[in-house]
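The structure under discussion appears below in the form of C-alpha coordinates.
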Amino acid sequence: MNTDNFVVRPRRRIVEKFAEADAWRVLDEESRTELAQEVAGLPSQQDPEDEEAKRFDLLILNLQLAVLRAEPAFKRLSDQVRKIAELLEEKANIPMIKPQLVLLEEIQSDEWWQDVTTPMLENVRKRLRDLVKLIDKQQRTPIYSDFEDQIGDEVEVDLGLAGRESFEQFRSKARAFLRTNENHVTINRLRMNKPLTASDLDELERMLAESGVGASGNLQYAKEQNQGLGLFVRLTARQQKGPSRSSSKGRTWARIRLSSSI
(Lines of atoms letter the chains of each structure in order from A and count residues from 1; the text may use other names and numbers.)
(Lines give C-alpha, C1' and ligand atoms only; values in the text may rest on other atoms or scores of the structure.)
Protein backbone atom coordinates (compact mmCIF):
# COMPACT_ATOMS: atom_id res chain seq x y z
CA MET A 1 0.00 0.00 0.00
CA ASN A 2 1.15 3.51 -0.77
CA THR A 3 1.27 5.33 2.56
CA ASP A 4 1.25 8.66 0.70
CA ASN A 5 -2.23 7.90 -0.64
CA PHE A 6 -4.67 10.28 1.09
CA VAL A 7 -6.96 7.36 1.97
CA VAL A 8 -4.14 5.24 3.41
CA ARG A 9 -2.34 8.09 5.19
CA PRO A 10 -4.65 8.24 8.25
CA ARG A 11 -3.99 4.51 8.82
CA ARG A 12 -0.26 4.75 8.19
CA ARG A 13 0.77 3.47 11.62
CA ILE A 14 -1.32 0.31 11.30
CA VAL A 15 -0.30 -0.26 7.67
CA GLU A 16 3.39 0.02 8.54
CA LYS A 17 2.86 -2.32 11.48
CA PHE A 18 1.49 -5.10 9.29
CA ALA A 19 4.06 -4.47 6.57
CA GLU A 20 6.54 -6.24 8.89
CA ALA A 21 6.65 -10.04 8.77
CA ASP A 22 6.86 -10.31 12.57
CA ALA A 23 3.38 -8.83 12.93
CA TRP A 24 1.93 -11.89 11.21
CA ARG A 25 3.62 -14.57 13.35
CA VAL A 26 0.95 -14.43 16.05
CA LEU A 27 -2.34 -12.66 15.31
CA ASP A 28 -4.28 -11.94 18.49
CA GLU A 29 -7.88 -10.77 18.58
CA GLU A 30 -6.88 -7.10 18.53
CA SER A 31 -4.70 -7.60 15.45
CA ARG A 32 -7.43 -9.45 13.59
CA THR A 33 -9.86 -6.64 14.40
CA GLU A 34 -7.39 -4.03 13.14
CA LEU A 35 -6.88 -5.92 9.90
CA ALA A 36 -10.60 -6.36 9.31
CA GLN A 37 -11.74 -2.87 10.26
CA GLU A 38 -8.77 -0.64 9.46
CA VAL A 39 -6.67 -2.30 6.73
CA ALA A 40 -8.86 -4.59 4.61
CA GLY A 41 -10.74 -1.79 2.86
CA LEU A 42 -7.73 0.35 1.97
CA PRO A 43 -6.62 0.65 -1.68
CA SER A 44 -3.57 -1.31 -2.78
CA GLN A 45 -1.05 -0.74 -5.56
CA GLN A 46 -0.85 -4.46 -6.21
CA ASP A 47 -1.91 -5.46 -9.72
CA PRO A 48 -5.31 -7.21 -9.83
CA GLU A 49 -5.02 -10.98 -9.85
CA ASP A 50 -5.99 -12.95 -12.92
CA GLU A 51 -9.69 -13.78 -12.89
CA GLU A 52 -9.12 -17.39 -13.93
CA ALA A 53 -6.65 -17.89 -11.08
CA LYS A 54 -9.24 -16.62 -8.59
CA ARG A 55 -11.90 -18.90 -10.04
CA PHE A 56 -9.54 -21.83 -9.66
CA ASP A 57 -8.90 -20.78 -6.04
CA LEU A 58 -12.65 -20.87 -5.42
CA LEU A 59 -12.97 -24.27 -7.08
CA ILE A 60 -10.25 -25.73 -4.84
CA LEU A 61 -11.74 -24.09 -1.75
CA ASN A 62 -15.13 -25.64 -2.46
CA LEU A 63 -13.43 -28.98 -3.06
CA GLN A 64 -11.56 -28.75 0.26
CA LEU A 65 -14.84 -28.00 2.04
CA ALA A 66 -16.45 -30.98 0.31
CA VAL A 67 -13.62 -33.20 1.60
CA LEU A 68 -13.94 -31.92 5.16
CA ARG A 69 -17.73 -32.22 5.18
CA ALA A 70 -17.92 -35.43 3.12
CA GLU A 71 -20.34 -33.71 0.73
CA PRO A 72 -21.72 -35.26 -2.49
CA ALA A 73 -20.34 -32.26 -4.41
CA PHE A 74 -16.89 -33.84 -4.11
CA LYS A 75 -17.40 -35.96 -7.24
CA ARG A 76 -18.48 -33.06 -9.45
CA LEU A 77 -15.74 -30.72 -8.19
CA SER A 78 -12.99 -33.33 -8.47
CA ASP A 79 -14.07 -34.07 -12.05
CA GLN A 80 -13.65 -30.36 -12.83
CA VAL A 81 -10.09 -30.40 -11.44
CA ARG A 82 -9.31 -33.53 -13.45
CA LYS A 83 -10.59 -31.87 -16.63
CA ILE A 84 -8.38 -28.84 -15.97
CA ALA A 85 -5.38 -31.12 -15.49
CA GLU A 86 -6.20 -32.91 -18.76
CA LEU A 87 -6.45 -29.65 -20.72
CA LEU A 88 -3.20 -28.35 -19.25
CA GLU A 89 -1.40 -31.60 -20.09
CA GLU A 90 -2.39 -31.11 -23.72
CA LYS A 91 -0.21 -27.97 -23.67
CA ALA A 92 2.88 -29.79 -22.40
CA ASN A 93 5.10 -27.88 -24.85
CA ILE A 94 4.55 -24.62 -22.93
CA PRO A 95 7.57 -24.02 -20.65
CA MET A 96 5.42 -22.97 -17.67
CA ILE A 97 3.50 -26.26 -17.79
CA LYS A 98 6.39 -28.69 -18.26
CA PRO A 99 7.51 -28.68 -14.59
CA GLN A 100 3.98 -29.67 -13.52
CA LEU A 101 3.45 -32.60 -15.90
CA VAL A 102 3.99 -35.27 -13.24
CA LEU A 103 1.41 -33.64 -10.99
CA LEU A 104 -1.02 -33.25 -13.90
CA GLU A 105 -0.77 -36.96 -14.67
CA GLU A 106 -1.28 -37.89 -11.02
CA ILE A 107 -4.39 -35.75 -10.68
CA GLN A 108 -6.02 -37.60 -13.56
CA SER A 109 -5.57 -40.98 -11.87
CA ASP A 110 -8.12 -42.55 -9.53
CA GLU A 111 -5.40 -43.47 -7.04
CA TRP A 112 -4.50 -39.82 -6.36
CA TRP A 113 -8.05 -39.05 -5.24
CA GLN A 114 -8.25 -41.92 -2.78
CA ASP A 115 -7.93 -40.44 0.72
CA VAL A 116 -7.09 -37.04 -0.78
CA THR A 117 -6.42 -34.39 1.88
CA THR A 118 -6.87 -30.63 2.02
CA PRO A 119 -3.07 -30.03 2.09
CA MET A 120 -2.78 -32.06 -1.13
CA LEU A 121 -5.45 -29.86 -2.73
CA GLU A 122 -3.75 -26.72 -1.45
CA ASN A 123 -0.55 -27.85 -3.14
CA VAL A 124 -2.48 -28.28 -6.39
CA ARG A 125 -3.95 -24.81 -6.03
CA LYS A 126 -0.58 -23.16 -5.54
CA ARG A 127 1.08 -24.99 -8.43
CA LEU A 128 -1.68 -24.71 -11.03
CA ARG A 129 -3.54 -21.43 -10.30
CA ASP A 130 -1.27 -19.38 -12.58
CA LEU A 131 -1.53 -21.94 -15.40
CA VAL A 132 -5.30 -22.21 -15.90
CA LYS A 133 -5.30 -19.00 -17.97
CA LEU A 134 -3.30 -20.92 -20.59
CA ILE A 135 -6.29 -23.13 -21.38
CA ASP A 136 -8.17 -22.00 -24.49
CA LYS A 137 -11.14 -19.89 -23.48
CA GLN A 138 -13.58 -22.03 -25.48
CA GLN A 139 -12.47 -25.09 -23.51
CA ARG A 140 -12.25 -23.23 -20.19
CA THR A 141 -15.84 -21.98 -19.89
CA PRO A 142 -17.69 -25.33 -19.56
CA ILE A 143 -15.37 -26.45 -16.76
CA TYR A 144 -16.82 -24.17 -14.13
CA SER A 145 -20.48 -24.55 -15.04
CA ASP A 146 -22.60 -27.28 -16.56
CA PHE A 147 -25.57 -25.08 -17.41
CA GLU A 148 -26.37 -22.49 -20.03
CA ASP A 149 -27.98 -19.16 -19.21
CA GLN A 150 -31.24 -18.45 -20.96
CA ILE A 151 -31.85 -14.80 -21.85
CA GLY A 152 -35.53 -13.98 -21.55
CA ASP A 153 -37.56 -10.88 -22.21
CA GLU A 154 -36.38 -7.64 -20.67
CA VAL A 155 -38.21 -6.88 -17.42
CA GLU A 156 -38.04 -3.70 -15.39
CA VAL A 157 -37.40 -4.47 -11.72
CA ASP A 158 -38.11 -2.10 -8.83
CA LEU A 159 -35.26 -2.50 -6.35
CA GLY A 160 -37.43 -1.14 -3.57
CA LEU A 161 -35.98 -1.65 -0.10
CA ALA A 162 -32.84 -3.37 -1.41
CA GLY A 163 -31.98 -0.27 -3.43
CA ARG A 164 -32.49 1.97 -0.41
CA GLU A 165 -30.38 -0.31 1.77
CA SER A 166 -27.60 -0.18 -0.80
CA PHE A 167 -27.69 3.62 -0.78
CA GLU A 168 -27.67 3.68 3.02
CA GLN A 169 -24.52 1.54 2.93
CA PHE A 170 -23.00 4.11 0.58
CA ARG A 171 -24.03 6.91 2.92
CA SER A 172 -22.42 5.10 5.87
CA LYS A 173 -19.19 4.62 3.92
CA ALA A 174 -19.22 8.27 2.89
CA ARG A 175 -19.72 9.31 6.51
CA ALA A 176 -16.75 7.19 7.61
CA PHE A 177 -14.65 8.59 4.76
CA LEU A 178 -15.44 12.19 5.73
CA ARG A 179 -14.56 11.43 9.35
CA THR A 180 -11.27 9.74 8.42
CA ASN A 181 -10.22 12.59 6.13
CA GLU A 182 -11.62 15.48 8.14
CA ASN A 183 -8.31 17.37 7.94
CA HIS A 184 -8.39 17.55 4.15
CA VAL A 185 -8.76 21.20 3.12
CA THR A 186 -12.07 20.66 1.31
CA ILE A 187 -13.63 18.50 4.02
CA ASN A 188 -12.41 20.93 6.64
CA ARG A 189 -14.45 23.64 4.90
CA LEU A 190 -17.49 21.42 5.47
CA ARG A 191 -16.69 21.03 9.15
CA MET A 192 -16.31 24.79 9.53
CA ASN A 193 -19.58 25.39 7.65
CA LYS A 194 -17.87 27.45 4.97
CA PRO A 195 -19.30 27.84 1.44
CA LEU A 196 -18.09 25.27 -1.09
CA THR A 197 -16.95 26.29 -4.55
CA ALA A 198 -17.51 24.31 -7.74
CA SER A 199 -13.88 23.20 -7.50
CA ASP A 200 -14.49 21.96 -3.95
CA LEU A 201 -17.44 19.88 -5.13
CA ASP A 202 -15.46 18.44 -8.03
CA GLU A 203 -12.66 17.52 -5.61
CA LEU A 204 -15.10 15.85 -3.22
CA GLU A 205 -16.65 13.81 -6.01
CA ARG A 206 -13.21 12.74 -7.22
CA MET A 207 -12.14 11.74 -3.71
CA LEU A 208 -15.28 9.69 -3.08
CA ALA A 209 -14.97 7.94 -6.45
CA GLU A 210 -11.25 7.16 -6.19
CA SER A 211 -11.52 5.92 -2.61
CA GLY A 212 -13.99 3.23 -3.66
CA VAL A 213 -16.64 4.56 -1.27
CA GLY A 214 -19.31 4.41 -3.95
CA ALA A 215 -19.84 3.69 -7.61
CA SER A 216 -20.68 6.47 -10.02
CA GLY A 217 -24.34 5.41 -9.85
CA ASN A 218 -24.46 6.09 -6.11
CA LEU A 219 -22.83 9.48 -6.53
CA GLN A 220 -25.26 10.43 -9.28
CA TYR A 221 -28.23 9.26 -7.19
CA ALA A 222 -26.93 11.29 -4.22
CA LYS A 223 -26.78 14.43 -6.38
CA GLU A 224 -30.26 13.86 -7.82
CA GLN A 225 -31.90 13.19 -4.46
CA ASN A 226 -30.19 16.08 -2.65
CA GLN A 227 -30.18 18.77 -5.32
CA GLY A 228 -26.45 18.43 -5.69
CA LEU A 229 -23.48 16.68 -4.09
CA GLY A 230 -22.85 19.61 -1.74
CA LEU A 231 -26.08 19.15 0.21
CA PHE A 232 -25.53 15.40 0.40
CA VAL A 233 -22.05 15.68 1.91
CA ARG A 234 -23.10 18.47 4.26
CA LEU A 235 -26.01 16.44 5.61
CA THR A 236 -23.88 13.32 5.79
CA ALA A 237 -21.18 15.17 7.70
CA ARG A 238 -23.89 16.74 9.88
CA GLN A 239 -24.98 13.25 10.97
CA GLN A 240 -21.52 12.38 12.29
CA LYS A 241 -21.07 15.42 14.56
CA GLY A 242 -23.07 18.12 16.26
CA PRO A 243 -23.88 21.55 14.80
CA SER A 244 -20.94 23.41 13.33
CA ARG A 245 -19.12 25.61 15.82
CA SER A 246 -19.15 28.49 13.37
CA SER A 247 -22.94 28.45 13.07
CA SER A 248 -24.88 30.69 15.42
CA LYS A 249 -28.17 28.94 14.69
CA GLY A 250 -27.11 25.32 15.32
CA ARG A 251 -29.78 23.11 13.86
CA THR A 252 -30.83 25.51 11.11
CA TRP A 253 -27.38 25.95 9.50
CA ALA A 254 -28.15 23.69 6.54
CA ARG A 255 -31.33 25.49 5.58
CA ILE A 256 -29.78 28.94 5.97
CA ARG A 257 -26.51 28.44 4.14
CA LEU A 258 -26.99 25.78 1.48
CA SER A 259 -28.99 27.77 -1.03
CA SER A 260 -26.21 30.33 -1.33
CA SER A 261 -23.21 28.05 -0.73
CA ILE A 262 -23.65 25.26 -3.24
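Going by numbering that gives the first Met the number 0, the first residue of the sequence shown is number 0, and it counts up by one from there.
C-beta atoms are modelled at their ideal positions from N, C-alpha and C, and glycine is treated no differently.
- Rounded to whole angstroms, the gap between the alpha carbons of residue 186 and residue 206 is 10 Å.
- By the C-beta criterion, the stretch 29 to 39 is judged not to be in contact with the stretch 90 to 110, since fewer than 3 inter-stretch pairs fall below 8 Å.
- The beta carbons of residue 93 and residue 133 sit closer together than 8 Å.
- Contact between the stretch 48 to 64 and the stretch 18 to 30 is absent, with fewer than three C-beta pairs closer than 8 Å.
- Remark: three or more beta-carbon pairs, one from each stretch, lie closer than 8 Å, so the stretch 62 to 79 and the stretch 117 to 125 are flagged as touching.
- In this structure residue 228 touches residue 204 by the C-beta definition: roughly 6 Å separates them, less than 8 Å.
- Cβ-Cβ distances below 6 Å link residue 44 to 1 in the same chain, with the five nearest sequence neighbours on each side left out; the list follows chain order.
- Residue 51 and residue 192 have their alpha carbons spaced roughly 49 Å apart.
- Note that the C-beta distance between residue 25 and residue 14 is not below 8 Å.
- In this chain, residue 5 is not harboured by any alpha helix (DSSP H), its DSSP state being neither H nor E.
- Residue 180 and residue 16 have their C-alpha atoms spaced approximately 21 Å apart.
- Nearest to residue 220 by alpha-carbon distance, out of 232, 210, 135, is 232.
- Around the beta carbon of residue 79, a 10 Å sphere encloses 16 or more other beta carbons of the protein chains shown; the residue is thus reported as buried.
- For residue 82, the three-state secondary structure derived from DSSP is helix.
- Of the candidates 194, 198, 209, the residue whose Cα lies closest to the Cα of residue 173 is 209.
- Relative to residue 42, the option among 71, 3, 216 whose CA is nearest is 3.
- Between residue 177 and residue 235, the gap from beta carbon to beta carbon is short of 8 Å.
- Looking at the backbone, the Cα of residue 86 and that of residue 135 are separated by about 9 Å.
- Cβ neighbours of residue 170 within its own chain (closer than 7 Å, five residues either side excluded): 235.
- Contact check for residue 96 and residue 90: beta-carbon distance about 5 Å, within the 8 Å limit, so the pair qualifies.
- In the DSSP assignment, residue 66 falls within the alpha helix (DSSP H) that extends over 50 to 68.
- DSSP places residue 95 outside both helix and strand once states are collapsed to three, so it counts as coil.
- Sequence-distant Cβ neighbours of residue 72 in its own chain, meaning closer than 6 Å and more than five residues away, are 65.
- Residue burial is scored here from C-beta neighbours: residue 12 has fewer than 16 other C-beta atoms within 10 angstroms and is therefore classed as exposed.
- In chain order, 49, 52, 95 place their CB closer than 8 Å to the CB of residue 129, counting only its own chain and leaving out the 5 sequence neighbours on each side.
- The DSSP-derived three-state label of residue 222 is helix.
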